[in-house]
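A short worksheet on the structure shown next.
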Amino acid sequence: MKNTLTTVIIGLTLLSVLLVVSCAAGKGDSVQCPECDNVTELLVGTKCVPIEEVEECGPDGHSHGAECHCFSGQEPTAIGGKDYCLQQGCGGGDADGGEMEDVDALACEALEGAAETVTAADDFARFDEAHADLGKMIALSLSDGKPGFVHFEAEKTGDYAVYLDTAGTFDKALDEEGHELEVEMLGENPDCADKLPELIHILVTNDSGQVKPQVLQFKSGPARTVKLFIHEVTE
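Numbering-wise, the sequence shown is residues -2 to 232 according to our numbering.
The following block contains the structure:
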């Protein structure tokens, strides 16, 4: 009996150790990255991909006009007469090994839930009366025959994605002083194109260390409600 009890205790102890090791080796695991030469091939995800298959400003960025905007804050690297934003880590995460959010999917999911109703200001001078939280679906009510203004808050320089359920209503993006921001029209949300037909990236510059309002202006037209979802781009 004593030997049987000892065997059971040893077995349970070994099982506990195995479970701890298994958990430790799971979520916190780092992916072993291949060493790409960054001349004929670049790291994309967890593989070395021929450089001719990588778009300019990729794989960790995209172009804003004639310039590259790198998602992880790195400077573009010139290779063969083109600029690239070299990937800093491996495994589809950030440079610290974190998991990246699928913002397209988040927007589609948010559309299925309840939306927060916000009435747009009809004058830029009163944009602070209409606020849109990041990461929430907003039902923005626009007045008849007047432009609409709504603001969101940005803590830092970066790209912010705006998804709309009605194409052709967005006019421009402005900072709090009325200076126009750089925008990129990217078509529809690829994950639910029929429901969110307009996707806009807005480049925000904010190195102040403080939260700053960024303003979306909508075109004048008939009274209507437009659903929008705003999220920082975390590619």
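Ideal Cβ placement from N, Cα and C applies to all residues, glycine included.
Residue i vs residue j beta-carbon contact at 8 Å
i      : j      : result
Leu161 : Glu109 : no
Tyr233 : Gly42  : Outside the shown range of the chain, which is -2 to 232, sits residue 233, and nothing can be said about it.
Ile227 : Leu131 : yes
Ile199 : Ala170 : yes
Leu213 : Phe167 : yes
DSSP three-state assignment for residue i, whether helix, strand or coil
i      : result
Ser19  : Model confidence at Ser19 stands at a pLDDT of 39, short of 50, so the residue's coordinates are unreliable; what they give is reported in the following sentence. Helix.
Glu36  : Before going on, a small fix: residue 36 reads as Val here, not Glu. Looking at Val36 - three-state DSSP - the assignment turns out to be coil, as it is neither helix nor strand.
Asp125 : helix
Glu109 : helix
Ala136 : strand
Glu52  : coil
Ala247 : Any question about residue 247 goes unanswered here, given that the chain covers just -2 to 232.
Val100 : helix
Ser27  : Caution is warranted here: a pLDDT of 43 is assigned to Ser27, below 50, making its placement in the model unreliable, and the coordinate value is therefore given only provisionally. Here Ser27 sits in coil by DSSP.
Val230 : coil
Ser217 : coil
Leu178 : coil
Among the options, the one whose alpha carbon lies nearest that of residue i
i      : options                        : result
Thr114 : Glu229, Lys224, Gly78, Gly142  : Lys224
His148 : Val100, Cys30, Gln211, Thr37   : Gln211
Val180 : Asp188, Gln214, Ile197, Phe146 : Ile197
Pro31  : Gly86, Ala190, Gln214          : Gly86
Phe215 : Phe124, Lys209, Glu150         : Phe124
Thr202 : Ser60, Lys153, Thr163          : Lys153
Ser79  : Cys33, Ile48, Glu185           : Residue identity differs from the one stated: residue 79 is Lys in this sequence, not Ser. The shortest C-alpha separation from Lys79 is found at Ile48.
Asn186 : Ala129, Phe121, Asp99, Thr116  : Asp99
Residue i burial status per 10 Å Cβ neighbour count (16 or more: buried)
i      : result
Val159 : buried
Asp57  : buried
Asp141 : exposed
Gln84  : buried
Inter-residue Cα distance where the pair is residue i and residue j
i      : j      : result
Ala63  : Tyr157 : 19 Å
Gly218 : Pro144 : 7 Å
Cys189 : Cys105 : 6 Å
Asn35  : Thr222 : 48 Å
Ala151 : Val208 : 5 Å
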